[in-house]
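Trainee:
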Amino acid sequence: GSCALDNLEFSEDQTHVRIAENVLHDAVAHDVPLKLFTEAAKNLVMEPCAPLASPLHLTPARFGRVPRYYVECTEDKALPLDIQRAMQKTLPVSQVFSLASSHASMFSHPVELANCLATVANK
Numbered sequence: 005g006s007c008a009l010d011n012l013e014f015s016e017d018q019t020h021v022r023i024a025e026n027v028l029h030d031a032v033a034h035d036v037p038l039k040l041f042t043e044a045a046k047n048l049v050m051e052p053c054a055p056l057a058s059p060l061h062l063t064p065a066r067f068g069r070v071p072r073y074y075v076e077c078t079e080d081k082a083l084p085l086d087i088q089r090a091m092q093k094t095l096p097v098s099q100v101f102s103l104a105s106s107h108a109s110m111f112s113h114p115v116e117l118a119n120c121l122a123t124v125a126n127k
């Protein structure tokens, strides 16, 4: 159900990935004006796949003691809300903020997102 994951394009050698350009705006920023997104999208590049396959070694003594916060984007088509909430349950967080935005809340709701981050910073 992810518009992003359903439209991935891999490099010829399968080491890098991106969301197909023809669905990119709808997948990650449907609530951002197309002209603004087009300018920002010029900075998007293929991402390496290697970090997705690298094992993590997390410990309660280190990772477990860092408070986690989550800003969920209720209109996100790249990472649907049910998946976001499953992630929150898998790795519990101290506080959840909720924005009625696409995946690109930094463009569609910058003030609201900044307020969430300021709240966390002030804890």
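Counting from 1 along the sequence shown, just add 4 to a position and that's the residue number in our numbering. Note that CB positions come from ideal geometry on N, CA and C, so glycine has one too.
Under the assumption that Phe111 contacts Ala45 (Cβ atoms under 8 Å), give the Cβ distance between them as a whole number of angstroms.
Mentor: Counting from one through the sequence shown, the residue named residue 111 turns up at place 107. Counting from one through the sequence shown, the residue named residue 45 turns up at place 41. Wrong, their Cβ atoms sit about 10 Å apart, outside the cutoff.
Trainee: For the alpha helix (DSSP H) containing Ser109, list its first residue and its last residue.
Mentor: The residue given as residue 109 occupies position 105 in the sequence shown. From DSSP, the alpha helix (DSSP H) with Ser109 extends over Ser109 to Ser112.
Trainee: With Gln99 as the anchor, note down where its beta strand (DSSP E) starts and where it stops.
Mentor: Position 95 of the sequence shown, counting from 1, holds the residue named residue 99. Start and end: Gln99 to Leu103.
Trainee: Just curious, the alpha helix (DSSP H) that Arg22 is in, first and last residue?
Mentor: Translated into positions along the sequence shown, residue 22 becomes position 18. Segment His20 to Ile23 is the beta strand (DSSP E) holding Arg22; no alpha helix (DSSP H) there.
Trainee: Between Ser6 and Leu83, which are expected to be in contact by the criterion C-beta below 8 Å, what is the C-beta distance as a whole number of angstroms?
Mentor: Locating residue 6 in the sequence shown gives position 2, counting from the first residue. Locating residue 83 in the sequence shown gives position 79, counting from the first residue. Correct: roughly 7 Å between the Cβ atoms.
Trainee: Compare the beta carbon distance of Tyr73 and Val124 with 8 Å and say whether it is the shorter of the two.
Mentor: Sequence index remark: in the sequence shown, residue 73 carries index 69 (1-based). Sequence index remark: in the sequence shown, residue 124 carries index 120 (1-based). In contact: Tyr73 and Val124 (Cβ atoms closer than 8 Å).
Trainee: By how many angstroms is the C-alpha of Glu43 removed from the C-alpha of Gln88?
Mentor: The residue given as residue 88 occupies position 84 in the sequence shown. The residue given as residue 43 occupies position 39 in the sequence shown. For Gln88 and Glu43, the distance between alpha carbons rounds to 27 Å.
Trainee: Please determine, among Asp86, Ala8, Asn119 and Glu51, the residue with the shortest C-alpha to C-alpha distance to Ala24.
Mentor: As a first step, residue 24 must be located in the sequence shown, where it is residue number 20. Residue Ala8 is the option with its Cα nearest to Ala24.
Trainee: According to the Cβ coordinates, are Pro55 and Thr19 closer than 8 Å?
Mentor: By 1-based counting over the sequence shown, the position of residue 55 is 51. By 1-based counting over the sequence shown, the position of residue 19 is 15. No, they are not a contact pair.
Trainee: How about Asp35 and Ser106: are their beta carbons less than 8 Å apart?
Mentor: Sequence index remark: in the sequence shown, residue 35 carries index 31 (1-based). Sequence index remark: in the sequence shown, residue 106 carries index 102 (1-based). For Asp35 and Ser106, yes; Cβs fall inside 8 Å.
Trainee: Can you name, in chain order, every residue of its own chain whose Cβ lies under 6 Å from the Cβ of Asn47, other than the five neighbours on each side?
Mentor: Along the sequence shown, read from residue 1 onward, the residue named residue 47 stands at position 43. Cβ neighbours of Asn47 beyond the five flanking positions: none.
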